[in-house]
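If you read the sequences in order, they're chains A and B.
Every position in the first sequence, counted from 1, becomes a number in our numbering once 713 is added.
Every position in the second sequence, counted from 1, becomes a number in our numbering once 68 is added.
Beta carbons are placed, not taken as given, at the ideal position from N, Cα and C, and that holds for glycine.
One structure is given here, and the rest of the page talks about it.
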Amino acid sequence: MPGGLYAVILVYSTSHAMRIEKLLAERGIACKMIPVPRQISSDCGVCIRVARDDKEAALAVVASSGIEIQGIAEV
Amino acid sequence: MSMVVDARGLACPQPVIRTRAALQSGDLVTTIVDNVTAQQNVTRMAEKAGCLVRAEVRDDGIYLDIRREGVAAQEASLAAGSAPAGGPLVLTVPSEFMGRGDEVLGQILVRAFFHTLGEVEPLPDTIVFLNGGVKLVVTGSPVLDDLKGLCDRGISILACGTCLGHYGLKDQIAAGEVSNMYTIAETLLGAGKVVSL
């Protein structure tokens with residue numbers, strides 16, 4: 714979905730969402746835990762939303778944490 | 069006929085109760101209060117009852133000159149038991165968590181709920197925060213930005229002052245306004261529908 718303002722990181726559980734939120738906050742990446750948008754399906758009902766410009770930085774943080782994510786989508 | 073209600077030194081909701089009583093027997097009332105919260109509560113009640121309120125800050129208190137515009141509809145709004153059938157949609161938030169069970173999950177759900185509230189219809193007209201729910205309207209609340217957005221859209225956010233006081237949070241309110249049980253009871257009883265979170 715080109716042109717979206719945000720990217721959402723889809724995860725497998727709420728505890729993963731909370732850990733990612735904490736890691737991003739520690740690194741100064743603004744994020745918000747939100748319900749998974751209706752048009753996207755996910756195993757977990759919540760996801761982490763970041764600004765689209767922060768998508769790569771956020772993914773790098775997640776990758777270094779070893780937390781497995783289900784995917785990322787632009788919204 | 070003008071009446072004076074000296075409500076200085078009285079605890080909430082006494083200034084509202086006494087002003088309301090005075091308005092039922094006269095069209096011109098001057099209520100003197102000694103704090104801004106009382107000023108707001110009295111003003112809100114009076115304006116809802118169709119009165120004009122003029123405030124004057126003096127050295128010895130805040131003088132509220134309240135003039136009632138005498139029409140039948142406003143008489144009715146002062147009387148008890150006038151709840152409209154298709155009245156406002158009121159949401160009550162009695163806890164900082166959504167649902168019972170795990171509190172960590174409960175806070176995730178409450179955050180998800182207030183985020184979603186900005187995207188769905190219908191929106192509530194008023195949201196009343198009670199007991200532990202008032203922790204959501206103060207500095208550091210995880211839903212503060214969502215609540216400010218709802219305020220900007222004209223939704224009235226009322227936080228129970230007794231509850232803020234109980235948790236020691238009265239000076240930390242960051243969204244909405246401090247309210248009292250008088251206003252809260254009127255809001256609930258005057259609602260077309262009440263949804264409790």
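{"Asked": "Best match in F165(B), E245(B), F181(B), D213(B) for proximity to G174(B) [C-alpha to C-alpha]", "Found": "F165(B)"}
{"Asked": "In chain order, each alpha helix (DSSP H) run of at least 4 residues that lies wholly inside the stretch 174-247 of chain B", "Found": "212-220, 229-234"}
{"Asked": "8 Å Cβ cutoff, L173(B) in contact with chain A", "Found": "yes"}
{"Asked": "Counterpart residues of P748(A) in DSSP-defined beta bridges", "Found": "V759(A)"}
{"Asked": "Closest Cα partner of C760(A) within the set K768(A), I747(A), I753(A), A770(A)", "Found": "I747(A)"}
{"Asked": "Per DSSP, cross-strand counterpart(s) of E787(A)", "Found": "A720(A)"}
{"Asked": "Contact list for R179(B) against chain A, beta-carbon separation under 7 Å", "Found": "M746"}
{"Asked": "For Y250(B), the first and last residue of its enclosing alpha helix (DSSP H)", "Found": "249-257"}
{"Asked": "L772(A), DSSP secondary structure in three states", "Found": "helix"}
{"Asked": "C-alpha distance - V205(B) paired with N103(B), whole-angstrom precision", "Found": "21 Å"}
{"Asked": "Own chain partners of L757(A) with C-beta closer than 8 Å, once the 5 adjacent residues on each side are dropped", "Found": "Note that residue 757(A) is Cys in the sequence shown, not Leu. Correct list, in chain order: L723, V724, Y725, S726, T727, H729, A730, V749, Q783."}
{"Asked": "Given A776(A) as reference, the closest of V788(A), Y719(A), R732(A), E787(A) once Cα atoms are compared", "Found": "R732(A)"}
{"Asked": "8 Å Cβ cutoff met for V788(A) and G717(A)", "Found": "yes"}
{"Asked": "Residue closest to A75(B), alpha-carbon to alpha-carbon, out of G118(B), G208(B), A106(B)", "Found": "A106(B)"}
{"Asked": "Whether D214(B) touches L185(B) by CB criterion (8 Å)", "Found": "yes"}
{"Asked": "Coil, strand or helix - S163(B) by DSSP", "Found": "coil"}
{"Asked": "Chain-order list of residues whose beta-carbon lies under 6 Å from that of G111(B) (same chain, five-residue window excluded)", "Found": "The sequence as given places Thr at residue 111(B); Gly does not occur at that position. Closer than 6 Å at Cβ, skipping near neighbours: V121."}
{"Asked": "Per-residue burial, R126(B) [other beta carbons within 10 Å of its own, 16 or more giving buried]", "Found": "exposed"}
{"Asked": "Proximal residues of chain A, C-beta to C-beta of I176(B) below 8 Å", "Found": "T727, A730, M731, M746, V759"}
{"Asked": "Helix, strand or coil at R76(B) according to DSSP, with G and I counted as helix", "Found": "coil"}
{"Asked": "Neighbour list for T184(B) in chain A, Cβ cutoff strictly below 9 Å", "Found": "I747, P748"}
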